[in-house]
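Numbering (this note's numbering), first residue to last: 33 to 680.
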C-alpha cells in the first residue's frame, strides 16, 4: 500500500490517528494519497471498510476513489466502502431518521427548476411583483441562508432592510410548500442532517461510533453546513483527515469558505500539517506562472510546487483583434500542434473562459472551421424537457404529495386541463386533506378533462402497485400516458427527443435488480444528485469548451484561456472587493494548472459581448507572470490606432 508514494504522501498515509491537514497543491496526487490511506487502514487491520467515511464533492470523484480503493484491496465489490459526496451521505442519514424531524422518509429531492417553481408559487400567493423582485434572486438568498444553517425564524430575526424583510416573508412559506410536497431541496439535505445530529443525541452517537476515521476531500470548498457536519461526526474519535488547497478555492458563490482550511489548526491545535508540493501534471514554467498569480493574494497558505518534468514551453500571451480572431488563433494553433504530433487528439485540447456568454463566438469559429467540440455545462441531459417530463411522472408515482411534479405533467400530453382546471384540482385536494394525485378521479371537472383525469388516476394507481422491474414500469408508463406517441411528431426534433428518452431507459435499466419501489427511489435520488461535470466524457474526438469553474479536477495537454482581460478575468464585480479579487486570482491559477504541456492566455483589443462592442485591456494577472516565463505576441490584423489607445 505504500509503494509508489513520495515521502510526503507516505507520511500522510501512515499518519492514522488524530487530526491531519494535507495541503495538496494542484496535480500533487491527493486522490492517490487519500485512496492509499483508506487501503492502508484496512490492510493494516486498523479499521473495517464500513468504519471509514470519505466525502468529496462530485459523484465522479467519489466513484474514482471507490474504484481505486477496490483495486488496491482487490475487493470483488466496493459496496462496503463509505465513499460518497456530502449530499449523498446526507440522503442516507435522512432516509433513516428524518421522521424524527417531522418529515416523511420517502421524500423526493427538487431540482433547481422545481425549486424555482415553488418560489414563484409563494411569490404569487404573497402578491409580490416577480419583475421587481426576481424569484431566482430570492431563491439564491434562501439557499445562502440554509448554507449558513439559518432557518426561517432566525432569518426573520436577523433580517435587516427591505430586501431581507421580503425574503423573510417568502422563506417560511417556501419551506411549508416543500414539506406539503414531501420534498427537500438540495440545501435542505445538509441543513436538516446537521439539525438532526444536533437535536437527536442517539442518532449522533450512532454515526460517531460507526465512523472511526473520517476523511474529507477538497476541504477548501466546504461551506458552514458541511464544516459543522464534519465537526459533529468526528467529535468522538478526532481521527479527522482533511485534504485540500486553499489556492483552488473558487466557489464562494456557493457558500464555500476557504478559511475553513486556513483555520484548521485553530480548530485542532494538535493537528499534523503535511504539504504535498511535488506536481505530477505540469511543467515548471506552468507551475511558476500560476504561482506568481496567486502569490499576490494576502490570504493563502505557503507552499512551493515543483516538478521533475523540466521547464517546458513558455506561457504564450496572445493579443488578437477581437473575439473572432481569438477563435481563429485557437484553431490555427491546435491544427499546428496536431500536425506536429500524430499522438495528439482533439481530446487533448481545452478552451476555458470566465463566462458562458464567451462560448458563442468560439463555437461559431469551430463550426466554421469544421472542428468538432463539446461543451461542458451547457444544457444537461437531465435538464432536457422530455427527460424532466418523464422524471416528473416517476416522481409522482414515488411521492403522491409531489404537487410540483404533478403540475408539470397534468396536461402533458394535452388533457384539456388549463390553469383553471389545475387550480380546481388543488382546491379539491386541500378541501379533502388529500394528496392531489390521489383525488384526480373525484375532481368535479366535466367533459374531456374528467375522463383524462380518471385515466391518469388509474395509471398512477397501477404504477404504485407495480411488481415487475423498473424498466418495464418505464415502458408501460410511456405507453399508458401516451407520452411517447405525443413526442413522435415526425420531426427531427421529435426523433431527437425520442432518442433521449431511449437513453434514459438505458440508465434506468441498471436498477432492474432491485425491488421496484426501492429501484424507483434510488434512481430518482441518484439523478437528483448528478452534477454537470459528472457527465463529462472524452468519448469521441472533440475539443472541450468549458468555464474555468467547471474545469477544476480535470487536466489536458494544451489549455487555451480566452478573454484574459480586465472586466472578464478578473470579473468586474471584483473591482471593489479584495476577497472577490483574490478568488479571481485563484480561478486563474486553477485554469493554468489544468495544463500538462502548454498554456495560452488570450486577450482582445476589442470584444463584442452582451450586445455591445467595447475596447479591451489585458488582465492584470498577465503582468503578475514574470517575463522569463512568458512569450507575448500579436496576431493580425491589428488596428494600430487601437493599440496606441490601448497602451495610453
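From the three backbone atoms N, C-alpha and C, an ideal C-beta is built for every residue, glycine too.
Beta bridge counterpart(s) of residue i as assigned by DSSP
| i | result |
| --- | --- |
| residue 384 | 578, 593 |
| residue 140 | 215 |
| residue 274 | 53, 248 |
| residue 636 | 352 |
| residue 304 | 52 |
| residue 86 | 115, 247 |
| residue 551 | DSSP output for residue 551 lists no bridge partner at all. |
| residue 665 | 350 |
| residue 406 | 576 |
| residue 588 | 627 |
| residue 310 | 338 |
| residue 645 | 640 |
| residue 650 | 597 |
Close-in-space but distant-in-sequence residues of the same chain around residue i (CB under 7 angstroms, 5 per side omitted)
| i | result |
| --- | --- |
| residue 267 | 240 |
| residue 492 | 428, 429, 469 |
| residue 669 | Note on residue 669: pLDDT 47, under 50, position unreliable in the model; no value is reported. |
| residue 477 | 453, 456, 485 |
| residue 283 | 253 |
| residue 584 | 280, 282, 622 |
| residue 105 | 71, 74, 75 |
| residue 42 | 34 |
| residue 127 | 137 |
| residue 495 | 429, 505, 509 |
| residue 666 | 351 |
| residue 342 | 315, 316 |
Beta-carbon contacts of residue i that lie in its chain and below 8 angstroms, excluding the five residues immediately before and after
| i | result |
| --- | --- |
| residue 537 | 503, 506, 507 |
| residue 203 | 174, 177, 184, 187, 188 |
| residue 546 | 502, 554 |
| residue 99 | 110 |
| residue 220 | 178, 210 |
| residue 152 | 162, 167 |
Neighbourhood of residue i by C-beta, 6 angstroms cutoff - its chain only, sequence neighbours within 5 removed
| i | result |
| --- | --- |
| residue 541 | 503 |
| residue 671 | Note on residue 671: pLDDT 48, under 50, position unreliable in the model; the coordinate value appears next. Closer than 6 angstroms at Cβ, skipping near neighbours: no residue. |
| residue 112 | 81, 82 |
| residue 180 | 256 |
| residue 188 | 200 |
| residue 116 | 94 |
| residue 325 | 617, 620, 621, 653, 656 |
| residue 663 | 346, 348 |
CB of residue i within 8 angstroms of CB of residue j, strictly
| i | j | result |
| --- | --- | --- |
| residue 415 | residue 441 | no |
| residue 224 | residue 216 | yes |
| residue 89 | residue 253 | yes |
| residue 277 | residue 58 | yes |
| residue 114 | residue 86 | yes |
| residue 379 | residue 627 | no |
| residue 653 | residue 601 | yes |
| residue 55 | residue 333 | yes |
| residue 556 | residue 47 | no |
| residue 488 | residue 472 | yes |
| residue 532 | residue 418 | yes |
| residue 205 | residue 130 | no |
| residue 589 | residue 629 | yes |
| residue 226 | residue 171 | no |
| residue 251 | residue 289 | no |
beta-carbon residue i near the ligand MN non-hydrogen atom, thresh 7 angstroms
| i | result |
| --- | --- |
| residue 401 | Looking at this structure, you won't find the ligand MN or any other ligand, since it has none at all. |
In the region 325-373, which residue ranges form an unbroken beta strand (DSSP E) of at least 3 residues, counting only runs that do not cross its ends?
347-352
Three or more C-beta pairs under 8 angstroms: does that hold for the region 244-252 against the region 70-81?
yes
So, does the region 208-215 touch the region 144-158, judging by three or more C-beta pairs under 8 angstroms?
yes
Segment contact, 8 angstroms Cβ cut-off, at least three pairs: the region 309-325 with the region 346-358:
yes
Taking three-plus beta-carbon pairs below 8 angstroms as touching, is the region 553-562 in contact with the region 610-620?
no
Within the chosen definition, does the region 456-476 reach the region 388-400 through at least 3 CB pairs nearer than 8 angstroms?
no
Decide yes or no for the touch test of the region 372-387 against the region 591-602: beta carbon pairs closer than 8 angstroms, at least 3 of them.
yes
Report yes or no: do three or more beta-carbon pairs, one from the region 361-370 and one from the region 637-651, lie closer than 8 angstroms?
no
I want to know whether the region 508-515 touches the region 435-450 - three or more CB-CB distances under 8 angstroms.
yes
Are the region 308-315 and the region 35-47 touching by the rule of at least three beta carbon pairs closer than 8 angstroms?
yes
Curious, which full-length alpha helix (DSSP H) runs of at least 4 residues does the region 512-536 contain?
515-519
Determine, using beta-carbon pairs with one atom in the region 291-308 and one in the region 157-168, whether at least three such pairs fall under 8 angstroms.
no
Jot down the residue ranges of each uninterrupted alpha helix (DSSP H) in the region 172-223, minimum 4 residues, whole runs only, in chain order.
184-190, 193-212
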